[in-house]
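Mind the numbering: the sequence shown is residues 41 to 117 in the working numbering, read in order.
Backbone N, C-alpha and C fix where the C-beta goes; we use that ideal spot for every residue, glycine too.
Note that the structure is a prediction, hence the values are computed from the model and not measured.
Down below is the structure, laid out as structure tokens.
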Amino acid sequence: HYQRRLADALRVRAAHGMADVEPAALAGALAALFASDGAADAPDLQRVAAATAALRALAVITGGPGTGKTTTVLGLL
Numbered sequence: 041h042y043q044r045r046l047a048d049a050l051r052v053r054a055a056h057g058m059a060d061v062e063p064a065a066l067a068g069a070l071a072a073l074f075a076s077d078g079a080a081d082a083p084d085l086q087r088v089a090a091a092t093a094a095l096r097a098l099a100v101i102t103g104g105p106g107t108g109k110t111t112t113v114l115g116l117l
């Protein structure tokens, strides 16, 4: 019963799609929280994950040990 309720609640959140976020404010916050290391050829995946999570009603951030999940979520919060 609880698993079904959780699955239903997640589906409802996921269906909401995009969150109402001011693009300029998000860009500024991301730039401040996730400073670029100067490597232009590789995307900053923590910044991408935080931006994606900020723009959606539901996001799941995954990764192995030491990949920056906690840092990403703290920045997002």
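**Q.** Among LEU114, THR92, PHE74, ASP84, nearest to ALA54 - alpha-carbon criterion
**A.** Residue THR92 is the option with its Cα nearest to ALA54.
Q) Can you list, in chain order, the residues of its chain whose CB lies under 8 Å from that of THR102, leaving out five sequence neighbours each side? A) LYS109, listed in sequence order.
Q. With LEU50 and LEU85 assumed to form a contact (beta carbons below 8 Å), what rounded beta-carbon distance in angstroms separates them?
A. Incorrect: roughly 23 Å between the Cβ atoms, too far for contact.
Q.
With a threshold of 6 Å on Cβ separation, who are the neighbours of LEU73 within its own chain once the five nearest residues in sequence on each side are excluded?
A. Excluding five sequence positions before and after LEU73, the CB atoms of its chain that fall closer than 6 Å to its own CB belong to GLY115, given in chain order.
Q: Taking all protein chains shown into account, decide if ALA67 is buried (16 or more other Cβ within 10 angstroms of its Cβ) or exposed.
A: It is exposed - the Cβ of ALA67 has fewer than 16 other Cβ atoms within 10 Å.
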